[in-house]
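Novice: Residue numbers (my numbering), protein chains in the order written: chain A, 131 to 337; chain B, 131 to 337; chain C, 131 to 337; chain D, 131 to 337.
Pasting in a structure now, in structure tokens, and then I'll have a few things to ask.
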């Protein structure tokens, strides 16, 4: 049976850790409505990450894809609405590569909307007292890049309706210990992502 | 000879004024590289504003379009990169209408990039010591709506390459007098928009 | 044996609840290094709150005082360094009373520093992975008022060295569900305050 | 006749310039209600700056003192209400010296309020459409240190009522060109400080 793919990222930008990877691993220990959850840590590398993701989409043939990443400074988990065909790295990636105003995929559409059931996730969060919101931009760094890559690759391979989207996570307590900034405890982040997975896969069963 | 169209908005959200309209009027008193500048104040009305804008694009046949709007809380003028086919009003428009997760234009593409020469505008600002930056989201209110409407209508009528884009302005001094928030004096905002128009239309001549 | 006094506030400013009161009650169910913890909810009333607090200080004769309050928008629990002899209410109190540029206590000193062991609390938080920081201002509303009142009354009654100070708490999950803002789950706030009480009272024993 | 002393600071923290010094020099070219304005650039050095300031207060015998400093990130000019007897440098000073939780002056009072006519300055700003506000903390770096030093020295030398206070300035356009942050054009900052000086010295004449 097709699994659910959950991706996180390795550390970057001088941070000693990345909650997105820890959370992805934590939710992979549970099932989501009977589906296996497979977690993968992607490199913060603008060439390797998209290649790895495309291979995973083709090899695993997942039933749904939830990509996670860190958005330092955001106060709550935020579901991205839209992936844009644009790279404009604020800092170089972990391989030292910079991108300035380039497309993610040459000649591809300007944007893809998330194909996750956004309202169902928000509703699940509200039911469980887990704050979160919809975001209008996933930025122009690796997070947007893998989000765009997944939605474009699934469309290009005839799987456009498959639920796939991106969820930005705030700092966790270990990143927030360094200086005053918003954070959500890792344990609470895990609950938010587990609730999102439940909402996403419940919809799959109903289909 | 084709003019340059500059739009602003009427006041909304309880604000007594809207700098975007004052700035649009101020720059309309000058020429931009020999081109006439026509300014129009759009209503904050999700039905009337797009209709008015489409009519202007068809009647005026402008050589370039620069749309202006207020982004309360932003610290500097910000050029939008992308218009998204999505309405999700944070507050009702001035006619009391709300929109929640609807497209701007049914069945139209998910997004359009700005067709303004963004780097040329940034460069012009830097040359004149006018702070400003590129923004990744024009939001999901009227600003994004007219931006998307213009880019879509120009594409649909065979004028996709025509320079058209959106510039968000911060509060001016009169809005900032009410409470502590970032602002840029109106006079400086006028200089930023005039410099943008100069960069946009210089490019037209070179074409 | 003298107890530890922990105060919170009733709801104000349109909020349906106030985490400071819930946290105060939660920590009152535990001991702190063998000392009883007594929790009291203060009214958000600029006349009644100081009167109530002075009576508690005289009747309970506490060994230490930790006052709690809500600081909407702050990202983490923050220990206040200094109480200032100034009232300048940003909104009226719950009795509808406004104060503008008045002293807390006429003719009293301009300020009192916290007499809590601030570094010991920060150290305890760090040891338990609980983010928090020192704040340079408790504002000019009720929080600063009760903080100043307590420190001044203890000084005026010959108890200046008694550990007494103020801790601002961020929104909890129920307040943060309403809109995107930083929050810390109530359960984690309780752990932060319990750790603070432990650090404050451990010092008492060592004296 | 006694002059008005206006101080600014040299650059620090990696900034190429400091608007407080440029503004201090600009206002020194004008009179304030018939009084000469003397401007001095203080070093960002926790030993040299207070010594220099005390010498100026004793040698110049100014009729009023307005100290200026940069508060990166603040959206508008902000008048400080209170100077606190506390040093806790967020970064070392320009001589590489750090201070952590030390008093400005050993054994001196915990705080001094500004002796400037704060409401008169706010009123002058409002009249001239210049946004600005009262701040509750001057921080714990050099700005608070010179503010405290001046108020304490004037008190200690029998000149406590002399108008003396601190005004924090936001970034100017040249600092804001580097990245998106609030700023106020230098020319507008000069007008704000000139208006403040006018309000401060008008009061002197009326005395």
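Backbone N, C-alpha and C fix where the C-beta goes; we use that ideal spot for every residue, glycine too.
#1: Taking just the CA atoms, how far does residue 150 of chain A sit from residue 261 of chain C?
#2: Specify, as a first and last residue, the run of the beta strand (DSSP E) that residue 194 of chain A falls within.
#3: Compute the beta-carbon to beta-carbon distance between residue 286 of chain D and residue 246 of chain D, rounded to the nearest angstrom, for a pair I have assumed lies under 8 Å.
#4: Leaving aside the five residues before and after residue 223 of chain B along the sequence, list all residues of the same chain whose C-beta is less than 6 Å from its C-beta, in chain order.
#5: Mind pulling the chain A residues with CB within less than 9 Å of residue 266 of chain B?
#6: Quick one: list the residues of chain C neighbouring residue 310 of chain A, beta-carbon separation under 7 Å, in chain order.
#7: If you drop the 5 nearest sequence neighbours on each side, which residues of the same chain put their C-beta closer than 8 Å to that of residue 182 of chain B?
#8: Under 7 Å, CB to CB, which of the residues in the stretch 287-321 of chain C have a partner in chain A?
#9: For residue 192 of chain C, does the count of other Cβ atoms within 10 angstroms reach 16, so buried, or fall short, so exposed?
#10: Ordered along the chain, which non-local residues of its own chain (more than five positions away) have a Cβ less than 8 Å from that of residue 256 of chain D?
#11: In chain order, what residues of the same chain lie with their CB nearer than 6 Å to the CB of residue 314 of chain B, ignoring the 5 residues before and after it?
#12: Quick check on residue 208 of chain C: does DSSP put it in helix, strand or coil?
#13: Would you list the one or two residues that DSSP bridges to residue 263 of chain A?
#14: Considering only residues of the same chain and omitting the five flanking positions on each side of residue 276 of chain A, which have a CB-CB separation below 6 Å?
#15: Can you give the beta carbon distance from residue 297 of chain B to residue 209 of chain B, rounded, assuming they're within the 8 Å contact cut?
#16: Report buried or exposed for residue 244 of chain B, applying the criterion of at least 16 other Cβ atoms within 10 angstroms of its Cβ.
#17: Hey, is residue 211 of chain D's beta-carbon within less than 9 Å of any beta-carbon in chain B?
#18: Quick one, which residues of the stretch 224-249 of chain A are near chain B if we go by CB-CB under 7 Å, in chain order?
#19: Under a Cβ-count criterion, where at least 16 other Cβ atoms within 10 Å of its own Cβ denotes burial, should residue 189 of chain A be classed as buried or exposed?
#20: Any Cβ of chain D within less than 9 Å of the Cβ of residue 259 of chain B?
#21: Are residue 239 of chain C and residue 283 of chain C close, meaning C-beta to C-beta below 9 Å?
#22: Taking 9 Å as the CB-CB limit, is residue 256 of chain A close to chain C?
#23: Quick check on residue 171 of chain A: does DSSP put it in helix, strand or coil?
#24: Of the residues D/279, D/311, D/205, which one's Cα is nearest the Cα of residue 308 of chain B?
#25: Secondary structure at residue 289 of chain D, three-state DSSP: helix, strand or coil?
#26: Would you list the residues sitting across from residue 281 of chain A in a DSSP beta bridge?
#27: Quickly, what does DSSP pair residue 242 of chain B with across the bridge? List them, please.
#28: So with Cβ pairs under 9 Å, would you call residue 337 of chain A a contact of chain C?
#29: For residue 302 of chain B, is the classification buried or exposed, using 16 other Cβ atoms within 10 angstroms of its Cβ as the cut-off for buried?
#30: Taking all protein chains shown into account, decide if residue 288 of chain A is buried (16 or more other Cβ within 10 angstroms of its Cβ) or exposed.
#31: So, is residue 321 of chain B buried or exposed, given that buried needs 16 or more other C-beta atoms within 10 angstroms?
#32: Can you find the residues in the same chain that come closer than 7 Å, C-beta to C-beta, to residue 324 of chain C, ignoring five residues on each side of it along the sequence?
#33: Would you mind working out which of B/305, B/144, B/279, B/186 sits nearest residue 212 of chain B, comparing C-alpha positions?
#34: Do residue 312 of chain D and the ligand NAD come close, with the Cβ less than 8 Å from some heavy atom?
#35: Alpha carbon to alpha carbon, how far is residue 166 of chain C from residue 337 of chain C? Give it in angstroms, no decimals.
#36: By DSSP, does residue 336 of chain C sit in helix, in strand, or in coil?
Specialist: The relevant details are as follows:
#1: As a first step, residue 261 of chain C must be located in the third chain, where it is residue number 131. As a first step, residue 150 of chain A must be located in the first chain, where it is residue number 20. Going by the C-alpha atoms only, they are around 19 Å apart.
#2: As a first step, residue 194 of chain A must be located in the first chain, where it is residue number 64. Element bounds for residue 194 of chain A: 194-200.
#3: Here the question's residue 286 of chain D lines up with position 156 in the fourth chain. Here the question's residue 246 of chain D lines up with position 116 in the fourth chain. Residue 286 of chain D to residue 246 of chain D, Cβ: 19 Å. No contact.
#4: Here residue 223 of chain B corresponds to residue number 93 of the second chain, with the count starting at 1. Here the set comprises 174, 175, 176.
#5: Walking along the second chain from the start, residue 266 of chain B turns up at place 136. What residue 266 of chain B touches in chain A: 214, 216, 218, 266, 267, 268, 269, 270, 274.
#6: As a first step, residue 310 of chain A is located in the first chain; it is residue number 180 there, counting from the start. Here the neighbours are 205, 206, 263.
#7: On the second chain, position 52 is the one that residue 182 of chain B refers to. Counting only Cβ-Cβ distances below 8 Å, and skipping sequence neighbours, we find 170, 172, 173.
#8: 303, 304, 306, 307, 310, 311, 312, 313, 315, 318
#9: Translated into positions along the third chain, residue 192 of chain C becomes position 62. Flag for residue 192 of chain C reads buried.
#10: In the fourth chain, the residue the question calls residue 256 of chain D occupies position 126. If we look at residue 256 of chain D and ignore the five residues flanking it on each side, it has no Cβ neighbours.
#11: Reading the second chain from its first residue, position 184 is the one you call residue 314 of chain B. Same-chain partners within the cutoff: 300.
#12: One-based indexing of the third chain puts residue 208 of chain C at position 78. Here residue 208 of chain C sits in strand by DSSP.
#13: By one-based count along the first chain, residue 263 of chain A stands at place 133. Paired residues: A/208.
#14: Reading the first chain from its first residue, position 146 is the one you call residue 276 of chain A. So the qualifying residues of the chain are 179, 183, 197.
#15: Translated into positions along the second chain, residue 297 of chain B becomes position 167. Translated into positions along the second chain, residue 209 of chain B becomes position 79. So it is a contact: roughly 5 Å between Cβ atoms.
#16: Locating residue 244 of chain B in the second chain gives position 114, counting from the first residue. So residue 244 of chain B counts as buried.
#17: Locating residue 211 of chain D in the fourth chain gives position 81, where the first residue counts as 1. So no, residue 211 of chain D is outside the interface.
#18: 239, 240, 241, 242, 243
#19: Translated into positions along the first chain, residue 189 of chain A becomes position 59. Classification for residue 189 of chain A: exposed.
#20: The sequence position of residue 259 of chain B within the second chain is 129, counting from 1. Chain D contact via Cβ: present.
#21: Reading the third chain from its first residue, position 109 is the one you call residue 239 of chain C. Reading the third chain from its first residue, position 153 is the one you call residue 283 of chain C. In this structure, residue 283 of chain C does not lie closer than 9 Å to residue 239 of chain C by Cβ.
#22: Within the first chain, the letter at position 126 stands for residue 256 of chain A. Residue 256 of chain A counts as touching chain C.
#23: In the first chain, counting from the first residue as 1, residue 171 of chain A sits at position 41. Here residue 171 of chain A sits in strand by DSSP.
#24: Mapped onto the second chain, residue 308 of chain B falls at position 178. If we check each option's Cα against that of residue 308 of chain B, D/205 comes out closest.
#25: If you number the fourth chain from 1, residue 289 of chain D lands on position 159. Residue 289 of chain D: coil per DSSP, three-state reduction.
#26: Translated into the one-based positions of the first chain, residue 281 of chain A becomes position 151. Answer is none; residue 281 of chain A lacks a bridge partner.
#27: Here residue 242 of chain B is taken as the residue at index 112 of the second chain, counted from 1. Residue 242 of chain B pairs with B/213.
#28: As a first step, residue 337 of chain A is located in the first chain; it is residue number 207 there, counting from the start. Bear in mind that the predicted position of residue 337 of chain A carries a pLDDT of just 43, short of 50, making it unreliable; the figure below should be weighed with that in mind. For residue 337 of chain A, the answer is no, since every Cβ of chain C falls outside 9 Å of its Cβ.
#29: Along the second chain, read from residue 1 onward, the residue named residue 302 of chain B stands at position 172. Buried, since its Cβ has 16 or more Cβ neighbours within 10 Å.
#30: For the purposes of this step, residue 288 of chain A is taken as the residue at position 158 of the first chain. Exposed is the call here.
#31: For this step, residue 321 of chain B is matched to residue 191 along the second chain. Buried is the call here.
#32: Looking up residue 324 of chain C in the third chain gives position 194. Once the five neighbours on either side are set aside, the close Cβ partners of residue 324 of chain C are 157, 160.
#33: Working through the second chain from its first residue, we reach residue 212 of chain B at position 82. The candidate whose alpha carbon is nearest that of residue 212 of chain B is B/279.
#34: This structure does not include the ligand NAD; it has no bound ligands of any sort.
#35: As a working mapping, residue 337 of chain C is identified with position 207 in the third chain. As a working mapping, residue 166 of chain C is identified with position 36 in the third chain. Bear in mind that the predicted position of residue 337 of chain C carries a pLDDT of just 43, short of 50, making it unreliable; the figure below should be weighed with that in mind. About 18 Å.
#36: By one-based count along the third chain, residue 336 of chain C stands at place 206. Unreliable positioning characterises residue 336 of chain C in this predicted model, as indicated by a pLDDT of 46, which lies under 50. A coordinate reading is not provided.
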